[in-house]
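Asks: To start, I am sharing the structure in question, which I have written as structure tokens.
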Amino acid sequence: GQQVMQIPQYQHVQEGEDFTTYCNSSTTLSNIQWYKQRPGGHPVFLIQLVKSGEVKKQKRLTFQFGEAKKNSSLHITATQTTDVGTYFCAGNKLTFGGGTRVLVKP
Amino acid sequence: IAGITQAPTSQILAAGRRMTLRCTQDMRHNAMYWYRQDLGLGLRLIHYSNTAGTTGKGEVPDGYSVSRANTDDFPLTLASAVPSQTSVYFCASSVSPSSNYHNEQFFGPGTRLTVL
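Chains A and B are the protein sequences, given in the same order.
So for the first sequence, the working numbering puts the first residue at 2; every next one is plus one.
So for the second sequence, the working numbering puts the first residue at 92; every next one is plus one.
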């Protein structure tokens, strides 16, 4: 079955710095979704990517879908304390990655 | 209601007891889902329903059952709870899935279940 892996599991970031989290699937995906979950909260949809090589931006967040549609990345620039939380990717078979937990050092 | 609600917020349950987690949405979404979230394991799909009257098994369905009698409600039942079912349970909904993928999911606030 479809397996989705995310790296890193944890990301400690200095406020103001950039970082990237990666999502890799064992199978080709028809789409990929990204969610953010704040500590103690529920997952909130961020974006969906469908096309090969697609790049979408939301303010300081840049999402990319790989050319082979088996991987994706989320890049955050100038990290802020509001970026704290766990970022999940999810494949088309509703398979979620284990998440990247982001901690921001002020 | 404006969104998706779950009840109870939290529950402590003795092993062997029956428990139903409730989920209601008022967005008229056709698709609904149940996930469990365990520390370090992300979200795992238990059961789903693409439309009222139909259900399907997810990645970890054993020990759980669901029903979808109408569009708004999607209860999850643990027939005889076991300690390994201790988890946070999230219900979610989305508009009708396309032929290739499920659309944006809206999650409820979750139910924290502890089975002793």
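All residues carry an ideal CB built from backbone N, CA and C; glycine is no exception.
Remember, it's a predicted structure, so these values are computed and weren't measured experimentally.
Going along chain B in order, which residues have a C-beta closer than 9 Å to the C-beta of A/Pro-44?
Replies: Locating residue 44 of chain A in the first sequence gives position 43, counting from the first residue. Under the 9 Å cutoff, chain B gives Tyr-126, Gln-128, Leu-134, Phe-181, Ala-183, Gln-196, Phe-198.
Asks: Would you mind telling me which residues of chain A sit closer than 9 Å to B/His-193, beta carbon to beta carbon, in chain order?
Replies: The residue you call residue 193 of chain B lines up with position 102 of the second sequence. Within chain A, the residues near B/His-193 are Asn-32, Gln-34, Ala-91, Asn-93, Lys-94, Leu-95.
Asks: For a contact defined as C-beta to C-beta under 8 Å, what are the partners of B/Gly-201 on chain A?
Replies: Counted from its first residue, the second sequence places residue 201 of chain B at position 110. His-43, listed in chain order.
Asks: In terms of alpha-carbon separation, which member of B/Asn-141, B/Ala-105, B/Arg-119, B/Tyr-124 lies closest to B/Gly-201?
Replies: Numbered from its first residue, the second sequence carries residue 201 of chain B at position 110. For the residues B/Asn-141, B/Ala-105, B/Arg-119, B/Tyr-124, the minimum Cα distance to B/Gly-201 belongs to B/Tyr-124.
Asks: Tell whether a beta-carbon distance below 8 Å holds between A/Tyr-88 and A/Gly-99.
Replies: For this step, residue 88 of chain A is matched to residue 87 along the first sequence. For this step, residue 99 of chain A is matched to residue 98 along the first sequence. No, the pair does not count as a contact, with Cβ atoms beyond the cut-off.
Asks: Within 8 Å, do at least three Cβ pairs link the segment 125-141 of chain B to the segment 154-162 of chain B?
Replies: In short, these stretches touch, since the Cβ pair count reaches three.
Asks: How do the segment 13-32 of chain A and the segment 72-89 of chain A stand: do at least 3 beta-carbon pairs fall below 8 Å, yes or no?
Replies: These segments touch.
Asks: Where does the unbroken beta strand (DSSP E) through B/His-138 begin, and where does it stop?
Replies: Indexing the second sequence from 1 puts residue 138 of chain B at position 47. 133-140 is the span of the beta strand (DSSP E), which, as asked, contains B/His-138.
Asks: Around the Cβ of B/Thr-111, are there at least 16 other Cβ atoms within 10 angstroms (buried) or fewer (exposed)?
Replies: Along the second sequence, one-based indexing puts residue 111 of chain B at 20. By the 10 Å Cβ count, B/Thr-111 comes out exposed.
Asks: Does the Cβ of B/Leu-207 have 16 or more other Cβ atoms within 10 Å, making it buried, or fewer, making it exposed?
Replies: Working through the second sequence from its first residue, we reach residue 207 of chain B at position 116. B/Leu-207 comes out exposed.
Asks: Closest by CA to A/Thr-29, which one among A/Leu-104, A/Val-105, A/Gln-10, A/Glu-68?
Replies: Position 28 of the first sequence, counted from the first residue, corresponds to residue 29 of chain A. Nearest C-alpha to A/Thr-29: A/Glu-68.
Asks: By Cβ distance below 7 Å, which residues in the same chain neighbour B/Gln-128 in space, the five residues on each side in sequence not counted?
Replies: Your numbering for residue 128 of chain B matches position 37 in the second sequence. Result list for B/Gln-128: Leu-134, Ser-178, Val-179, Phe-181, in chain order.
Asks: With 8 Å as the threshold, decide whether the Cβ of A/Gln-49 is near any Cβ in chain B.
Replies: Along the first sequence, read from residue 1 onward, the residue named residue 49 of chain A stands at position 48. Cβ-Cβ to chain B under 8 Å: yes for A/Gln-49.
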